[in-house]
Structure formats: structure tokens, C-alpha cells
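Undergrad:
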């Protein structure tokens, strides 16, 4: 008789142990009814993962422990069912390194109303070994890890990784139980899956709370498939779905739980962004796993991007109680894609689109905006801003300012740049914000990642709103997503072709036109340049950019066409001027703008916010940069 193992891919609500426990108990009941012997649930399934410093609140921690006890007690009435779930574990007799009560990120295995142990720890739970301390992760800030515990116990940490024996209906399996990062072995000296296999594990089980990023699922398959093959035993990976945030970044959890055979091949997987139960059978005599499921077809990158953004935005709006969205619709690609995304999520009746032309906006972009709104079927209005902006300029320049120290009045002047920003603020802070309040709901920030990188946006103008849905999309992603929305989501031309072909322009002055005076960015090049500064694990500096440029290998390193660089910059002087211009902007006022930007749905390898932590500093160019610059200019 085979043991029936189920992986419960559930939606976890961060900070709500009451709701999560209710869901866990429901899944336990369903498991009992369906004859499941072992039910796996995700890491930190009771409290959630990204909680900020709520981890420091004693009452919350005590509640999480109490809810965990409820789950353990409930197994007394579940026959042979063994439930494995993630929760916080507390040892009030010991201290964390911050002086607070000792906390562990732990896995609990409960059966017959009691906890099972592997016999190597002073606790009746499994302690997470690898505490990630990079990107959005802050485990070391709150949790004590197995490596630290091993030092305290004066034991070798490798010896503490032992399998957990589970018996049901006379059948036994030795589980190699891991928590999330313990299975990501590339950057750690300790190979936990192999240790567990060496110590007798017959089946590896990784319970995770792992957020989505582009191409991450492919990496999971590579790492966990390799771990199963190397260990020579099957592996089950159990992840959750839902959204969690760290204040500035909204992370989506894609699920994609899966089972790998002992040869490393993917046997079955759960759907993306959907609650599901993945089942497998364990033959204790043959030491083999069997699944009746099928594997999903690989998704394209833009398909992953769409589903992540849609799911993240939808869940964020539901969590915040927002049922309507107002969007400034300029006639450009960013606002058009944002509008289509929210119409897809909320329906056309719950979306209000507003075009706010000034004397600088072309008839072409105004027509595109109206066509977009009409195709989407959303609510639409036009509110011109010329009169209000002229009135603002008149007030600011003609109202006297009195100096009490000098005993005189003086007046201010408004430069063309200041007037551009007045227009942007009038649109965002007055019109869109006012409409959103009257319409009932919130409004969006339409800035993309390329613009946020260099601060090509205005304080309290286009950098405002409840959410920046495309704030982690480079400009080329925005265009690709627009095409995807037309072809795959709406399956018709809701975004006019002109929105893809028109030259991007802010249209804030007579010099900024869709015909001749577009955005100052060469997006096919600058997207890749800025990405190298931000998303590479070993962050690129201007010195490396200049070195690659001097060697003629820059296009290869960035992944762009060489002709784009040579056409945009005919000589070294113009190339260096452009590089320095954007590097300085990126590290000065743009930092302040990013700090004040709305929350971002994070999908790339590094998103602005607390995924990429910044200090407000002055720009720095390495010594090697100055040497290369002098050499290039002298040559």
C-alpha cells in the first residue's frame, strides 16, 4: 500500500495567523476525507513571511504559537494524517542576538496530536539553516538559524540535518525536510539536500514561501532537479500563493509547487497563482514516488510578467479595499498599458480615464487617448489644464513676497523647466487625485522602471498614486506587455497601433513633440545600460561600461544592438557625456523620487524599494573610470 502525500499550495495572508490557520484546518479536513497520509504546507504558513518588525510584537508571536498548537491538536482527530507546516517557534528561555526572545523559522510535523522529531535537536521542530540576508530578505534580523544553534550546542551543523520518520498504516518513509533557502545550495557551503540523503532520507521535502521573479521558476527546476538527481531520491517542493509586501515592494508568490523524480526530471507541477493540491504516492518498498499529474507548458517571459502583474495588482486592490481606479491617459504607451491592465482586473465600469491636454499636446496623442478609452469601454473624460496652469504661473509670479529683514517686496520668475513641472503637478495632484476621490477609489502611478532610474518624472505630479503597476518594467517590457494585452488578453486591438509607433514624449513644452522632440532616452540602449547598473548580481559601474566601450564589446555585454550605440553616440566624448549625465541623475534627485514613489509590484531580479536599498549620497566614479576617460578623450 502506497503512502498518499499531498502538497497544499495555499494562499497565505501575511499578518493574519487566524485566517491562515482556518484555511490550514480546512485543508486538513479535506486531506482526511481523501485518505491523505502526509500533508505538506508552506514555510511560515501560519504568520506569513514579510511582516516588517511585527516579528518584534510579543502578542502577535504568542498568537502564532497558539494557532500552531491548534493545528497540532487537530491531528488527534485526523486518523493517521501527518501534517507538516511552517510557523515561528519561540524559546523564551534564550535570547536572539537583538536581546529579544529566541525565534526560529521552523517546520513542525504533527501526527496523533503530538509532534514528531528527528532526535538531534533540543526542540520538537526542524530549524531553518540558511537564513537569507539579501534582496528583500531579512531573516537574520529576526530569526536564529541552525548554524548559530549548532555553535551554541558545540555540535557540527552537518550532523543536525537528519531525516524525519513518518509512519502511517504500517508504511514508513524517511523525509528529508528542508525550509526554502536550505534547498538553494548554489551560494552556501553546506549542501543540505545531500546531507539529508547521506543520513538516510528517502524523500526530500522542501516547504517554501518563495516570491516570484522573472525566470525564477526555471531556476527552481534547475536547482531542485539537480538536487534530486545528485541525491538519487525524489523531491517535493511546496510553495504558497498570494501577495506579501515590505512596504515599498509588493511581491507575488506564484506557487508552482512540483514533484521531481530521483533522476531529477519534473513529474508534475501545480498551476501558477492558484490554490491547488498536488498529490503523489510513495511506495515504501520500491522507494519510489508516483504521480498521476501532468507538467505545465513553459511560459514565455512576457506571459509570466502579465500574470504576475495582474495577480499582484488584483490582490493588492482587494487587500486595500479599492474597487475603482482613475488613470491619467496621455496617449502614450505607459498610461495605455496601465489602463488596459486595470480594465482587465476591475472591468471597464470601475475605471475612469482622463486626458488632460495643454497647448503642447498634439491632436495625435489626444486622439490616441480617446481611441484607447473607447476600445477598452472605460469611463472617459477630458479636462484641459492650460487655464489652470497659466493661473498658477500668474499667481506665483505676480504675488509679491515680502522680506521682513530687507523691508522690501520682490517677485519670483518661472523658468520653462519649472512650468513643465507645474503642468505635471496640476495633472497628478489636482485633476487625477481629485477625480479619484470623487469617483471613489484610488489612482495609479504610470512611471516605468527606466524613468524611475533617472528620475524622469515629477515630484507630486506623475510620481504619486496608490500603486505603480509598471514601476518594475523597463520600457521594452511595457511595449511587449501592450502587444500581449492586445493579442492574448483582449484578443483584439484595444491599444491602437499608433500607441506603439508614436515617438515617446512628455509634451510639456514646444521643444517636446512627438514629431521631433521626444524623450531624451534611447530606450533600446538605456534600458540595457540601466539594467546592468541595477539587476546584475555583481553591479556594473561606469568604469566597466567605459572599459567595454573602449574594447568594442559594450553591446555584447549589455545585450543590445551595436548600431544603436554608434548611431546615438558618434564619438567617445558624446558617449561619456551621456553616461555621466544619467549616472549623476540616477544617484542624486532620482533617489529621493524613488523613495517617495508609490509601492511597486516587483517582478525582476532587483526592484526599486527595499529590494534595492539606497542611501541618498553624491555620485561617485571609480578611479579606473577617470583613467579610462582621460585615455579615451586623449585618443
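In full-length UniProt numbering, the protein residues as written are 1 to 635. By construction, the Cβ of each residue, glycine as well, lies at the ideal position given by its N, Cα and C atoms. For clarity, every value in this text was computed on a predicted model and none was experimentally measured.
1) Are residue 193 and residue 168 closer than 8 Å when you measure CB to CB?
2) Per the contact definition of three or more C-beta pairs closer than 8 Å, is the stretch 206 to 219 in contact with the stretch 599 to 616?
3) If I measure Cβ to Cβ from residue 133 and keep anything under 7 Å in the same chain, skipping five residues before and after, which residues do I get?
4) Enumerate, from N- to C-terminal direction, the unbroken alpha helix (DSSP H) stretches of 4 or more residues contained entirely within the stretch 469 to 509.
5) Please report how far the alpha carbon of residue 302 lies from the alpha carbon of residue 483, in whole angstroms.
6) How big is the Cα-Cα spacing for residue 309 and residue 175?
7) Taking all protein chains shown into account, decide if residue 420 is buried (16 or more other Cβ within 10 angstroms of its Cβ) or exposed.
8) Indicate the three-state DSSP secondary structure (helix, strand or coil) for residue 256 in the structure shown.
9) Looking only at C-alpha atoms, which of 299, 282, 614 and 298 sits nearest to residue 291?
10) In whole angstroms, what separates the C-alpha of residue 135 from that of residue 528?
11) What's the C-alpha gap between residue 351 and residue 539?
12) What does a CB cutoff of less than 6 Å around residue 562 pick up in its chain, not counting 5 residues either side in sequence?
13) What is the DSSP secondary structure of residue 81, counted as helix, strand or coil?
14) Grab me the residues of residue 268's own chain with a C-beta within less than 7 Å of its C-beta, minus the 5 sequence neighbours each way, in chain order.
15) Residue 146 by DSSP, collapsed to three states: which one?
16) Count the C-beta pairs between the stretch 321 to 341 and the stretch 497 to 506 that are closer than 8 Å, then say yes if the count reaches three, no if not.
17) Are residue 45 and residue 12 close, meaning C-beta to C-beta below 8 Å?
18) By how many angstroms is the C-alpha of residue 307 removed from the C-alpha of residue 271?
19) Going by C-alpha to C-alpha distance, which of 170, 57 and 251 sits closest to residue 137?
20) With a CB to CB cut of under 8 Å and the five nearest residues on each side skipped, what residues in its chain are close to residue 25?
21) Go through its chain and collect everything with a Cβ distance to residue 144's Cβ below 7 Å, but skip five positions before and after it.
22) Tell me, please, whether the stretch 365 to 377 touches the stretch 391 to 406 by the rule of three or more beta-carbon pairs shorter than 8 Å.
23) Quick check: the stretch 430 to 445 against the stretch 566 to 573, are there 3 or more CB pairs under 8 Å?
24) For residue 617, which three-state DSSP category applies?
25) Which of the three DSSP states, helix, strand or coil, is assigned to residue 111?
26) Report all residues from its chain with a CB closer than 8 Å to the CB of residue 41; omit the five preceding and five following residues, and keep chain order.
27) If residue 130 and residue 182 are in contact, beta carbons under 8 Å, what's the gap, nearest whole angstrom?
TA: Taking the coordinates as given:
1) No.
2) Verdict: yes, contact present.
3) Here the set comprises 139 and 140.
4) Runs of the alpha helix (DSSP H) inside the stretch 469 to 509: 475 to 484 and 498 to 501.
5) Spanning the two alpha carbons is a distance of roughly 10 Å.
6) Roughly 36 Å between the two C-alpha positions.
7) The residue in question, residue 420, is buried, as its Cβ has 16 or more Cβ neighbours within 10 Å.
8) Note: residue 256 maps to coil in three-state DSSP.
9) For the residues 299, 282, 614 and 298, the minimum Cα distance to residue 291 belongs to 282.
10) Taking the straight line joining both Cα atoms gives about 20 Å.
11) As the crow flies, the alpha-carbon of residue 351 is around 40 Å from that of residue 539.
12) In the same chain as residue 562, and ignoring 5 residues on each side of it, the C-beta atoms closer than 6 Å to its own belong to 555, in chain order.
13) DSSP, reduced to helix, strand and coil, places residue 81 outside both helices and strands of the structure shown, so it counts as coil.
14) The answer, listed in chain order, is 258, 259, 278, 291, 293, 294 and 295.
15) In the three-state reduction of the DSSP assignment, residue 146 falls in the helix class, which pools H, G and I.
16) The stretch 321 to 341, when compared against the stretch 497 to 506, does touch it at the 8 Å Cβ threshold.
17) Closer than 8 Å, so yes.
18) The straight-line gap from Cα to Cα measures roughly 12 Å.
19) That would be 251, whose Cα lies nearest to the Cα of residue 137.
20) If you ignore the 5 residues before and after residue 25, its C-beta comes within less than 8 Å of the C-beta of 70, 71 and 74, all in its own chain and listed in chain order.
21) So the list reads 96, 102, 103 and 104, once near-sequence residues are dropped.
22) The stretch 365 to 377 and the stretch 391 to 406 do not touch, with fewer than 3 CB-CB distances between them shorter than 8 Å.
23) No, because fewer than three Cβ pairs between the stretch 430 to 445 and the stretch 566 to 573 fall closer than 8 Å, the two stretches do not touch.
24) If DSSP states are grouped into helix, strand and coil, residue 617 belongs with coil.
25) Residue 111: strand per DSSP, three-state reduction.
26) So the qualifying residues of the chain are 8, 10, 24, 27, 83, 84, 85, 86, 207 and 238.
27) Yes, residue 130 and residue 182 are in contact; Cβ-Cβ is about 5 Å, under 8 Å.
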